[in-house]
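Note that the numbering used here has the sequence shown beginning at 218, numbered continuously upward.
Glycine is no exception: its CB is placed at the ideal position from the N, C-alpha and C atoms.
To start, the structure under review is shown below, and the notes come after it.
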Amino acid sequence: MKRFLTVAISLLMAFTFIAPARALDIPTSNNVHTLQAGEFASVDGWYSGEITVGWHGNANNSAELTWAGNGGDVVVAPYAVDSNQQREGALDVRIQQTTQEQSVVFTITKVNGKTMTATVVVPPLYSGPIGYEALRTSSNPGYYYSGAIIDLGATVSADAIDKDTFSAKARITEADGSVQGSFGNFGWDPEKESYALGDGWAQWNILDAYVVDADGNPAEQGQYVKLEIEWNTRTEPNGASSANRYDVPATRAAWYTINGLIAFASIELDITQQKAIAGLHENDYVQGDTRHDPIFDRFEVADAPGGGTYSLYTPANASEENLRPLFVWFHGTGERFHGTNPGANLIGNRALAFADTEFQDALDGAYVLAPQSTTTGWGAHRLADMEALIATIIADNNVDPDRVYVGGLSMGTAMTTPLITSQTENKLDFAAAILTSGGNLNAEQAAIVAAKGFPVYLVGNTSDWAAASQPATLANLLAAGVDAQMARYPVGPVYDGEHYFGAHDSWNYVYNNLVVDDEGETIFEWIANQSR
Numbered sequence: 218m219k220r221f222l223t224v225a226i227s228l229l230m231a232f233t234f235i236a237p238a239r240a241l242d243i244p245t246s247n248n249v250h251t252l253q254a255g256e257f258a259s260v261d262g263w264y265s266g267e268i269t270v271g272w273h274g275n276a277n278n279s280a281e282l283t284w285a286g287n288g289g290d291v292v293v294a295p296y297a298v299d300s301n302q303q304r305e306g307a308l309d310v311r312i313q314q315t316t317q318e319q320s321v322v323f324t325i326t327k328v329n330g331k332t333m334t335a336t337v338v339v340p341p342l343y344s345g346p347i348g349y350e351a352l353r354t355s356s357n358p359g360y361y362y363s364g365a366i367i368d369l370g371a372t373v374s375a376d377a378i379d380k381d382t383f384s385a386k387a388r389i390t391e392a393d394g395s396v397q398g399s400f401g402n403f404g405w406d407p408e409k410e411s412y413a414l415g416d417g418w419a420q421w422n423i424l425d426a427y428v429v430d431a432d433g434n435p436a437e438q439g440q441y442v443k444l445e446i447e448w449n450t451r452t453e454p455n456g457a458s459s460a461n462r463y464d465v466p467a468t469r470a471a472w473y474t475i476n477g478l479i480a481f482a483s484i485e486l487d488i489t490q491q492k493a494i495a496g497l498h499e500n501d502y503v504q505g506d507t508r509h510d511p512i513f514d515r516f517e518v519a520d521a522p523g524g525g526t527y528s529l530y531t532p533a534n535a536s537e538e539n540l541r542p543l544f545v546w547f548h549g550t551g552e553r554f555h556g557t558n559p560g561a562n563l564i565g566n567r568a569l570a571f572a573d574t575e576f577q578d579a580l581d582g583a584y585v586l587a588p589q590s591t592t593t594g595w596g597a598h599r600l601a602d603m604e605a606l607i608a609t610i611i612a613d614n615n616v617d618p619d620r621v622y623v624g625g626l627s628m629g630t631a632m633t634t635p636l637i638t639s640q641t642e643n644k645l646d647f648a649a650a651i652l653t654s655g656g657n658l659n660a661e662q663a664a665i666v667a668a669k670g671f672p673v674y675l676v677g678n679t680s681d682w683a684a685a686s687q688p689a690t691l692a693n694l695l696a697a698g699v700d701a702q703m704a705r706y707p708v709g710p711v712y713d714g715e716h717y718f719g720a721h722d723s724w725n726y727v728y729n730n731l732v733v734d735d736e737g738e739t740i741f742e743w744i745a746n747q748s749r
């Protein structure tokens, strides 16, 4: 914890000094009947609100308004009288907060010498703890710490904060207990070596800081501040089938550290206030919880039949009168559930893309079901479990049964294939299937798909050994009469326009909606156009 003394308070305010009473003549009639304080609020160290003055008759006289009991300045803006019919006015009042509570008494002395009072109790400057939460964001290369939300405990205006108001440093511990800090491929970016502070700590490069509401949306005033930092991964191709990656120091929030499976890291985050903030006085900064990517939090994560978990996204426009499609997606080997990573299949590779704007807009709102296997992985041994899960999701939600799509990547194709070729009594009726970075259907399986009558899309890279059987699979599907097509990318690493990935990672083409056929139809549009 750190203590920061706000220096914006004048020396006079640091003592229990009571300023002398001040006075102001305000227009009224001879018969003032109301002097009442309304609601006040603190902004930037000032307690502001209105005091209402009411009178009978014409406001052709004046009365003296005085105030006392204030330790800070008081600014009163008088009202104007615009007509003889006006019977009240509102004084705009601002009272400067101090380190002590103030009871400021406003008094009107009427023509007959009698007085009326209104008291405003002014809270002291905020001196309590200031909590902050680390933020995480998912992108194609991985899951990252991307900034923080700070709860100042006091309301400030937007111009009270800028990117130099705070500094921050972080230390990241992987799920296996190792501390990040090595530079090089799949580690910290050597080009950012100056960020390292030693002992696993690294300085965060704050790009922006601004006032937000509790949900992180920019606001003209509020008690929350969002820090945006430099994060992400720099990549470069490495031969025909791999790519190098270098992370901004102390930003990677998940990695394959538990027996090669994705796991969430933990963060120690130290935020220091570097500039005075009006309204604060001697505050301890305290780290709180860590937030997931906002899209992650839109999913319900629950236990799956037979073990593992599932994550379900529900579109806001789904109703009994507006049944929505269901998109089912199966992850690869590295995203299996090991007990402490529920929902990690959403971020190990960015399956969150299916709940993001582009996919949801293409389908005008769709359910997204992302099951997460146990450590045994996907295969025909999980067919009954997955048929039961998908059937339950369809039955319990407002799902259009004629628009259920299924797909998977890598090991996930080993779950997609049994589902689309199932002959069990619980077999499901799909409207389309996608096999990415894998998929191997023989002639007999292709005939089953043809009999069911739905199209299949294959996506893979020529340099990917796991997708080597896709051309043969396509030939089997076409020979059986299936409406099938394949996006086959050339030799070399996968490239999504910003990052390079290993040749196996063709799912990034899908997540980014970069798969486009000869007619210009994207894969998201292709999915949206399929129905039984």
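Check	Outcome
Considering only residues of the region 431 to 501, which uninterrupted beta strand (DSSP E) runs meet the minimum length of 3 residues and lie entirely inside it, listed in chain order?	438 to 446, 450 to 455, 459 to 464, 471 to 475, 478 to 481, 483 to 490
Identify the continuous beta strand (DSSP E) that holds Leu-352 and give its terminal residues.	347 to 356
The beta strand (DSSP E) that contains Glu-305, what's its start and end?	305 to 313
When the Cα atoms are used, what is the spatial distance from Phe-481 to Leu-444?	21 Å
If you draw a straight line from the C-alpha of Ile-226 to the C-alpha of Asp-376, how long is it?	No answer about Ile-226 holds up, because its pLDDT of 35 lies below 50 and its placement is not dependable.
Note down, in chain order, each residue of its chain lying with its Cβ closer than 7 Å to the Cβ of Gln-438, except the 5 sequence neighbours on either side.	Val-260, Thr-372, Val-373, Ser-374, Ala-375, Val-428
Within its chain, find whatever has a CB closer than 8 Å to the CB of Phe-741; leave out the 5 residues flanking it on each side and keep chain order.	Glu-575, Phe-576, Ala-579, Leu-580, Asn-730
Can you determine whether any heavy atom of the ligand ATP sits closer than 7 Å to the C-beta of Val-503, and answer yes or no?	The ligand ATP is not among the ligands present in this structure, which contains no ligands whatsoever.
Among the candidates Tyr-674, Tyr-502, Arg-388, Pro-688, whose CA atom is the shortest distance from the CA of Gly-345?	Tyr-502
Measuring CA to CA, which of Ala-668, Val-623, Ala-608, Asp-735 is closest to Leu-652?	Val-623
Taking the CB atoms as reference points, tell me whether Arg-620 and Ser-748 lie closer together than 8 Å.	yes
Do you know how far the Cα of Thr-354 is from the Cα of Tyr-717?	19 Å
Between the region 637 to 657 and the region 666 to 683, do at least 3 Cβ pairs fall closer than 8 Å?	yes
Where do the ends of the alpha helix (DSSP H) carrying Leu-695 lie?	687 to 697
Return the residue from the list Ala-385, Phe-383, Gly-415 that minimises the CA-CA distance to Gln-397.	Gly-415
Does DSSP put Tyr-296 in a helix, in a strand, or in coil?	coil
How is the alpha helix (DSSP H) around Phe-741 delimited, first residue to last?	740 to 745
Can you give the beta carbon distance from Asn-558 to Ile-479, rounded, assuming they're within the 8 Å contact cut?	6 Å
Comparing C-alpha positions only, which one of Thr-507, Glu-552, Trp-682, Asn-539 sits nearest to Gly-348?	Thr-507
Does the distance from the C-beta atom of Ile-446 to that of Ile-367 stay below 8 Å?	no
Count the C-beta pairs between the region 593 to 608 and the region 622 to 638 that are closer than 8 Å, then say yes if the count reaches three, no if not.	yes
Pick from Pro-707, Leu-241, Ser-363: whose alpha carbon is nearest that of Leu-308?	Leu-241
Between Ala-387 and Ala-419, is the Cβ-Cβ spacing less than 8 Å?	yes
His-598 by DSSP, collapsed to three states: which one?	helix
Please classify Leu-228: does DSSP put it in a helix, a strand, or coil?	Note on Leu-228: pLDDT 31, under 50, position unreliable in the model; no value is reported.
Per DSSP, which one or two residues make a beta bridge with Met-703?	Leu-675
What whole-angstrom Cβ distance do Val-298 and Pro-244 have, given they're in contact under 8 Å?	5 Å
Can you tell me whether DSSP reads Pro-635 as helix, strand or coil?	helix
The alpha helix (DSSP H) with Glu-575 in it runs from where to where?	574 to 579
Counting Cβ pairs, one atom from each stretch, are 3 or more of them under 8 Å apart for the region 538 to 546 and the region 582 to 598?	yes
State the start and end residues of the unbroken alpha helix (DSSP H) segment that holds Trp-724.	724 to 728
How is the beta strand (DSSP E) around Lys-386 delimited, first residue to last?	383 to 390
Could you tell me how far apart the beta carbons of Ile-378 and Val-310 are, in whole angstroms, since I believe they sit closer than 8 Å?	Not really, about 25 Å apart at Cβ, beyond 8 Å.
Are the region 399 to 415 and the region 679 to 691 touching, with three or more C-beta to C-beta distances below 8 Å?	no
Please classify Ser-279: does DSSP put it in a helix, a strand, or coil?	strand
Let's test the definition: count the other Cβ atoms within 10 Å of the Cβ of Val-224 and tell me whether it reaches 16, buried, or not, exposed.	With a pLDDT of 35 at Val-224, under the threshold of 50, the predicted position of this residue should be treated as unreliable, and no value is reported.
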